[in-house]
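Undergrad: Sharing a structure here in C-alpha coordinates format.
Residue numbers (mature numbering (1 follows the signal peptide of the UniProt record, and there is no 0)): -18 to -1, 1 to 231.
Written out as C-alpha coordinates, the structure reads:
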(Lines of atoms letter the chains of each structure in order from A and count residues from 1; the text may use other names and numbers.)
(Lines give C-alpha, C1' and ligand atoms only; values in the text may rest on other atoms or scores of the structure.)
Protein backbone atom coordinates (compact mmCIF):
# COMPACT_ATOMS: atom_id res chain seq x y z
CA UNK A 1 0.00 0.00 0.00
CA UNK A 2 1.44 3.34 -1.00
CA UNK A 3 2.44 5.51 1.95
CA UNK A 4 1.94 9.24 2.11
CA UNK A 5 4.59 10.10 4.68
CA UNK A 6 6.02 13.12 2.87
CA UNK A 7 2.64 14.86 2.91
CA UNK A 8 2.11 14.35 6.62
CA UNK A 9 5.68 14.91 7.73
CA UNK A 10 5.42 18.48 6.43
CA UNK A 11 2.49 19.08 8.80
CA UNK A 12 3.13 16.92 11.87
CA UNK A 13 5.81 17.13 14.60
CA UNK A 14 7.11 13.62 13.98
CA UNK A 15 10.65 12.40 13.46
CA UNK A 16 10.92 10.00 10.54
CA UNK A 17 13.41 7.51 9.20
CA UNK A 18 12.56 5.60 6.02
CA UNK A 19 9.01 4.29 6.55
CA UNK A 20 9.08 4.68 10.32
CA UNK A 21 7.61 7.62 12.24
CA UNK A 22 8.70 8.38 15.80
CA UNK A 23 6.07 9.74 18.19
CA UNK A 24 7.35 11.14 21.47
CA UNK A 25 5.52 10.57 24.75
CA UNK A 26 6.94 13.29 27.00
CA UNK A 27 5.18 11.99 30.11
CA UNK A 28 7.26 8.80 29.94
CA UNK A 29 10.24 10.14 27.97
CA UNK A 30 9.47 7.44 25.42
CA UNK A 31 10.07 7.64 21.66
CA UNK A 32 7.63 5.27 19.98
CA UNK A 33 8.31 3.98 16.44
CA UNK A 34 5.16 3.46 14.38
CA UNK A 35 4.37 2.70 10.76
CA UNK A 36 1.25 4.28 9.28
CA UNK A 37 -0.58 2.98 6.21
CA UNK A 38 -3.67 4.64 4.77
CA UNK A 39 -6.74 3.25 3.02
CA UNK A 40 -6.43 2.99 -0.74
CA UNK A 41 -9.22 5.50 -1.21
CA UNK A 42 -8.09 7.76 1.62
CA UNK A 43 -9.49 10.87 -0.07
CA UNK A 44 -12.99 9.90 1.09
CA UNK A 45 -11.88 10.13 4.74
CA UNK A 46 -12.87 13.48 6.23
CA UNK A 47 -13.47 15.00 9.66
CA UNK A 48 -17.19 14.72 8.94
CA UNK A 49 -16.99 11.15 7.63
CA UNK A 50 -14.11 9.52 9.43
CA UNK A 51 -12.51 6.27 8.34
CA UNK A 52 -11.72 3.34 10.63
CA UNK A 53 -8.45 2.83 12.52
CA UNK A 54 -6.64 -0.36 13.58
CA UNK A 55 -3.59 -0.55 15.84
CA UNK A 56 -1.34 -3.58 15.19
CA UNK A 57 0.92 -4.80 18.02
CA UNK A 58 3.66 -7.31 17.20
CA UNK A 59 4.68 -10.45 18.98
CA UNK A 60 7.83 -10.56 21.09
CA UNK A 61 10.96 -10.24 18.93
CA UNK A 62 8.90 -10.01 15.74
CA UNK A 63 9.71 -6.79 13.82
CA UNK A 64 6.66 -4.57 14.12
CA UNK A 65 6.64 -3.98 10.35
CA UNK A 66 6.20 -7.70 9.61
CA UNK A 67 2.40 -7.79 9.49
CA UNK A 68 2.05 -6.28 6.04
CA UNK A 69 -0.08 -9.15 4.77
CA UNK A 70 -2.73 -8.08 7.26
CA UNK A 71 -2.28 -4.30 7.18
CA UNK A 72 -2.55 -4.31 3.37
CA UNK A 73 -5.82 -6.25 3.59
CA UNK A 74 -7.14 -3.82 6.20
CA UNK A 75 -6.17 -0.86 4.03
CA UNK A 76 -8.21 -2.42 1.23
CA UNK A 77 -11.15 -2.60 3.65
CA UNK A 78 -10.91 1.14 4.33
CA UNK A 79 -8.84 1.08 7.53
CA UNK A 80 -5.89 3.22 8.48
CA UNK A 81 -3.39 0.84 10.09
CA UNK A 82 -0.79 1.83 12.66
CA UNK A 83 1.88 -0.77 13.44
CA UNK A 84 3.53 -0.09 16.80
CA UNK A 85 6.96 -0.98 18.14
CA UNK A 86 6.64 -1.96 21.81
CA UNK A 87 10.24 -3.17 22.18
CA UNK A 88 12.68 -0.30 22.61
CA UNK A 89 16.42 -0.90 23.18
CA UNK A 90 16.32 0.17 26.85
CA UNK A 91 13.25 -1.88 27.76
CA UNK A 92 13.80 -4.90 30.01
CA UNK A 93 13.54 -8.19 28.10
CA UNK A 94 10.27 -10.08 28.23
CA UNK A 95 10.32 -12.43 31.20
CA UNK A 96 10.91 -16.11 30.36
CA UNK A 97 10.94 -17.59 33.87
CA UNK A 98 8.68 -17.85 36.89
CA UNK A 99 4.94 -17.25 36.79
CA UNK A 100 4.85 -15.62 33.37
CA UNK A 101 1.49 -14.01 33.96
CA UNK A 102 2.82 -12.16 37.01
CA UNK A 103 6.28 -11.41 35.64
CA UNK A 104 4.97 -10.00 32.35
CA UNK A 105 2.39 -7.62 33.80
CA UNK A 106 4.94 -4.79 33.68
CA UNK A 107 5.40 -5.40 29.95
CA UNK A 108 1.68 -5.55 29.20
CA UNK A 109 0.92 -2.49 31.30
CA UNK A 110 3.66 -0.49 29.57
CA UNK A 111 2.37 -1.57 26.18
CA UNK A 112 -1.20 -0.66 27.13
CA UNK A 113 0.01 2.80 28.19
CA UNK A 114 1.63 3.18 24.77
CA UNK A 115 -1.59 2.26 22.97
CA UNK A 116 -3.60 4.62 25.17
CA UNK A 117 -1.16 7.48 24.53
CA UNK A 118 -1.20 6.91 20.77
CA UNK A 119 -5.00 6.85 20.71
CA UNK A 120 -5.09 10.31 22.26
CA UNK A 121 -2.12 11.77 20.41
CA UNK A 122 -2.89 10.53 16.91
CA UNK A 123 -6.57 11.46 17.13
CA UNK A 124 -5.46 15.09 17.24
CA UNK A 125 -3.15 14.66 14.27
CA UNK A 126 -5.32 12.56 11.96
CA UNK A 127 -8.73 14.17 12.29
CA UNK A 128 -10.15 12.33 9.27
CA UNK A 129 -9.89 9.02 11.14
CA UNK A 130 -12.03 7.61 13.94
CA UNK A 131 -9.91 6.93 17.01
CA UNK A 132 -13.00 6.81 19.23
CA UNK A 133 -14.08 3.44 17.82
CA UNK A 134 -10.70 1.78 17.79
CA UNK A 135 -9.79 -1.72 16.65
CA UNK A 136 -6.85 -3.34 18.45
CA UNK A 137 -5.04 -6.21 16.75
CA UNK A 138 -2.19 -8.05 18.43
CA UNK A 139 -0.12 -11.16 17.76
CA UNK A 140 1.26 -13.28 20.62
CA UNK A 141 2.60 -10.89 23.28
CA UNK A 142 1.16 -8.00 21.27
CA UNK A 143 -2.18 -9.72 21.66
CA UNK A 144 -1.65 -9.89 25.41
CA UNK A 145 -0.90 -6.15 25.42
CA UNK A 146 -3.99 -5.39 23.36
CA UNK A 147 -6.15 -7.59 25.57
CA UNK A 148 -4.75 -5.96 28.71
CA UNK A 149 -5.89 -2.55 27.46
CA UNK A 150 -9.23 -4.00 26.36
CA UNK A 151 -9.87 -5.01 29.97
CA UNK A 152 -9.43 -1.41 31.19
CA UNK A 153 -12.90 -0.30 30.09
CA UNK A 154 -11.74 2.50 27.78
CA UNK A 155 -14.62 4.27 26.07
CA UNK A 156 -12.83 4.31 22.70
CA UNK A 157 -12.44 0.53 22.50
CA UNK A 158 -14.64 -0.99 19.80
CA UNK A 159 -13.04 -4.24 18.60
CA UNK A 160 -10.29 -6.60 19.75
CA UNK A 161 -8.64 -9.13 17.44
CA UNK A 162 -5.93 -11.37 18.89
CA UNK A 163 -3.68 -13.62 16.87
CA UNK A 164 -2.71 -16.56 19.09
CA UNK A 165 -2.13 -14.57 22.29
CA UNK A 166 -1.44 -16.84 25.24
CA UNK A 167 -1.92 -15.37 28.71
CA UNK A 168 -4.26 -12.42 29.25
CA UNK A 169 -7.94 -13.25 29.74
CA UNK A 170 -10.25 -12.07 27.00
CA UNK A 171 -12.65 -9.33 28.15
CA UNK A 172 -16.14 -10.41 29.10
CA UNK A 173 -18.28 -7.50 27.99
CA UNK A 174 -20.76 -6.73 25.26
CA UNK A 175 -19.18 -3.29 24.85
CA UNK A 176 -16.30 -4.71 22.81
CA UNK A 177 -16.47 -7.07 19.84
CA UNK A 178 -13.89 -9.84 20.27
CA UNK A 179 -12.26 -12.24 17.81
CA UNK A 180 -9.38 -14.55 18.73
CA UNK A 181 -7.61 -16.52 16.01
CA UNK A 182 -5.72 -19.55 17.27
CA UNK A 183 -2.94 -21.91 16.24
CA UNK A 184 -2.75 -25.39 17.80
CA UNK A 185 1.06 -25.28 17.89
CA UNK A 186 1.54 -24.09 21.49
CA UNK A 187 -0.73 -24.32 24.55
CA UNK A 188 -2.69 -21.35 25.89
CA UNK A 189 -2.88 -20.51 29.60
CA UNK A 190 -5.94 -21.97 31.30
CA UNK A 191 -8.71 -19.44 31.76
CA UNK A 192 -7.75 -17.18 28.85
CA UNK A 193 -10.86 -18.24 26.95
CA UNK A 194 -14.34 -17.65 28.32
CA UNK A 195 -16.54 -20.73 28.64
CA UNK A 196 -18.71 -21.74 25.70
CA UNK A 197 -21.70 -20.22 27.47
CA UNK A 198 -19.81 -16.96 28.08
CA UNK A 199 -18.66 -16.83 24.47
CA UNK A 200 -22.28 -16.94 23.35
CA UNK A 201 -23.41 -14.48 26.01
CA UNK A 202 -20.74 -11.89 25.19
CA UNK A 203 -20.58 -12.63 21.45
CA UNK A 204 -16.91 -13.65 21.60
CA UNK A 205 -15.66 -15.58 18.56
CA UNK A 206 -12.72 -17.98 18.87
CA UNK A 207 -11.48 -19.52 15.63
CA UNK A 208 -8.70 -22.10 15.34
CA UNK A 209 -6.92 -22.51 12.01
CA UNK A 210 -6.04 -26.23 11.80
CA UNK A 211 -2.36 -27.14 11.25
CA UNK A 212 -1.31 -23.48 11.51
CA UNK A 213 1.88 -22.37 13.28
CA UNK A 214 2.28 -19.53 15.75
CA UNK A 215 4.40 -17.51 13.31
CA UNK A 216 1.97 -18.00 10.43
CA UNK A 217 0.17 -14.88 11.70
CA UNK A 218 3.17 -12.79 10.57
CA UNK A 219 4.76 -12.05 7.21
CA UNK A 220 7.03 -15.03 7.88
CA UNK A 221 4.06 -17.40 7.69
CA UNK A 222 2.69 -19.53 4.88
CA UNK A 223 0.37 -17.99 2.31
CA UNK A 224 -2.51 -20.38 3.00
CA UNK A 225 -2.76 -19.44 6.68
CA UNK A 226 -2.30 -15.76 5.92
CA UNK A 227 -5.18 -15.88 3.46
CA UNK A 228 -7.40 -17.71 5.94
CA UNK A 229 -6.50 -15.11 8.55
CA UNK A 230 -7.47 -12.31 6.17
CA UNK A 231 -10.75 -14.04 5.33
CA UNK A 232 -11.71 -14.50 8.98
CA UNK A 233 -10.70 -10.97 9.98
CA UNK A 234 -12.55 -9.45 7.02
CA UNK A 235 -15.65 -11.46 7.87
CA UNK A 236 -15.48 -10.34 11.49
CA UNK A 237 -15.15 -6.68 10.51
CA UNK A 238 -18.18 -7.11 8.27
CA UNK A 239 -20.05 -8.55 11.29
CA UNK A 240 -20.48 -12.04 9.91
CA UNK A 241 -21.63 -14.61 12.52
CA UNK A 242 -18.98 -16.69 14.27
CA UNK A 243 -20.13 -19.93 12.65
CA UNK A 244 -19.50 -18.33 9.28
CA UNK A 245 -16.00 -17.24 10.30
CA UNK A 246 -15.12 -20.76 11.44
CA UNK A 247 -16.16 -22.10 8.05
CA UNK A 248 -13.40 -20.01 6.43
CA UNK A 249 -10.61 -22.08 8.00
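Note that CB positions come from ideal geometry on N, CA and C, so glycine has one too.
All of these numbers come straight from a predicted model, not from anything done at the bench.
Quick one: Cα of residue 227 to Cα of residue 178, how far?
TA: Your numbering for residue 227 matches position 245 in the chain shown. Your numbering for residue 178 matches position 196 in the chain shown. In a straight line, the C-alpha of residue 227 is about 16 Å away from that of residue 178.
Undergrad: In whole angstroms, what separates the C-alpha of residue 181 from that of residue 38?
TA: Mapped onto the chain shown, residue 181 falls at position 199. Mapped onto the chain shown, residue 38 falls at position 56. Rounded to the nearest angstrom, the two C-alpha atoms are 24 Å apart.
Undergrad: Would the beta-carbon of residue 160 fall within 8 Å of that of residue 119?
TA: Taking the first residue of the chain shown as 1, we reach residue 160 at position 178. Taking the first residue of the chain shown as 1, we reach residue 119 at position 137. No.
Undergrad: What does the Cβ neighbour count give for residue 146, buried or exposed, with the cut at 16 atoms within 10 Å?
TA: In the chain shown, the residue the question calls residue 146 occupies position 164. By the neighbour-count rule (16 or more Cβ atoms within 10 Å), residue 146 is buried.
Undergrad: May I have the straight-line CA-CA distance separating residue 138 from residue 128, to the nearest angstrom?
TA: Start at 1 with the first residue of the chain shown, and residue 138 comes out as number 156. Start at 1 with the first residue of the chain shown, and residue 128 comes out as number 146. Distance between the alpha carbons of residue 138 and residue 128: 13 Å.
Undergrad: Mind listing, in chain order, the continuous alpha helix (DSSP H) runs of no fewer than 4 residues lying wholly within the stretch 155 to 190?
TA: With a minimum length of 4 residues, the continuous alpha helix (DSSP H) runs that stay inside the stretch 155 to 190 are 178 to 184.
Undergrad: Suppose the cutoff is 8 Å on Cβ atoms and the five residues either side in sequence are ignored; what does the same chain contact list for residue 192 look like?
TA: Here residue 192 is taken as the residue at index 210 of the chain shown, counted from 1. Excluding positions up to five away in sequence, the list reads 166, 231.
Undergrad: Secondary structure at residue 228, three-state DSSP: helix, strand or coil?
TA: In the chain shown, residue 228 corresponds to position 246, counting from 1. Looking at residue 228 - three-state DSSP - the assignment turns out to be helix.
Undergrad: Between 90, 184, 152, which has its C-alpha nearest residue 143's C-alpha?
TA: Position 161 of the chain shown, counting from 1, holds the residue named residue 143. If we check each option's Cα against that of residue 143, 152 comes out closest.
Undergrad: Taking 8 Å as the cut-off, does the stretch 26 to 34 touch the stretch 71 to 90 (at least 3 CB pairs, one atom from each stretch)?
TA: No, the stretch 71 to 90 does not touch the stretch 26 to 34.
Undergrad: Which of helix, strand or coil does DSSP assign to residue 49?
TA: By 1-based counting over the chain shown, the position of residue 49 is 67. Note: residue 49 maps to coil in three-state DSSP.
Undergrad: Count the other CB atoms, across all protein chains shown, that sit within 10 Å of the CB of residue 198; report buried if there are 16 or more and exposed otherwise.
TA: Within the chain shown, numbered from 1, the residue matching residue 198 stands at position 216. Label assigned to residue 198: buried.
Undergrad: Between residue 13 and residue 101, what straight-line distance do the alpha-carbon atoms span, to the nearest angstrom?
TA: The residue you call residue 13 lines up with position 31 of the chain shown. The residue you call residue 101 lines up with position 119 of the chain shown. Cα to Cα, the separation comes out at about 15 Å.
Undergrad: Heavy atom of the ligand GDP less than 7 Å from the Cβ of residue 155, yes or no?
TA: As presented, the structure is devoid of all ligands, the ligand GDP included, so that no description of it is given.
Undergrad: Go ahead and label residue 232 buried or exposed: buried means 16 or more other beta carbons lie within 10 angstroms of its beta carbon, across all protein chains shown.
TA: There is no way to answer for residue 232, as the model of the chain reaches only from -18 to 231.
Undergrad: State the beta-bridge partners of residue 17 as determined by DSSP.
TA: Residue numbering aside, residue 17 sits at position 35 when the chain shown is read from its first letter. In DSSP, residue 17 forms a bridge with 65.
Undergrad: State yes or no: is the C-beta of residue 41 within less than 8 Å of the C-beta of residue 123?
TA: By one-based count along the chain shown, residue 41 stands at place 59. By one-based count along the chain shown, residue 123 stands at place 141. Against a cut-off of 8 Å, the Cβ pair of residue 123 and residue 41 comes out as a contact.
Undergrad: Inspect the beta-carbon positions of residue 200 and residue 18 and report whether they are closer than 8 Å.
TA: In the chain shown, residue 200 corresponds to position 218, counting from 1. In the chain shown, residue 18 corresponds to position 36, counting from 1. Cβ distance not < 8 Å, so residue 200 and residue 18 don't count as in contact.
Undergrad: Helix or strand or just coil, what does DSSP make of residue 39?
TA: Residue mapping note: residue 39 aligns to position 57 of the chain shown, counting from 1. DSSP places residue 39 in strand when its eight states are reduced to three.
Undergrad: Compute the Euclidean distance between the alpha carbons of residue 130 and residue 150, then round it to the nearest angstrom.
TA: Within the chain shown, the letter at position 148 stands for residue 130. Within the chain shown, the letter at position 168 stands for residue 150. So the alpha carbons of these two residues sit roughly 6 Å apart.
Undergrad: Mark residue 4 as exposed unless 16 or more other C-beta atoms lie within 10 angstroms of its C-beta, in which case mark it buried.
TA: Here residue 4 refers to the residue found at position 22 of the chain shown. Per the 10 Å Cβ criterion, exposed.
Undergrad: Please say whether residue 162 and residue 29 have beta carbons closer to each other than 8 Å?
TA: One-based indexing of the chain shown puts residue 29 at position 47. One-based indexing of the chain shown puts residue 162 at position 180. Contact: no.
Undergrad: In three-state terms, what does DSSP make of residue 214?
TA: To locate residue 214, count along the chain shown from 1; it is residue 232. Of the three classes helix, strand and coil, the one that applies to residue 214 here is helix, per DSSP.
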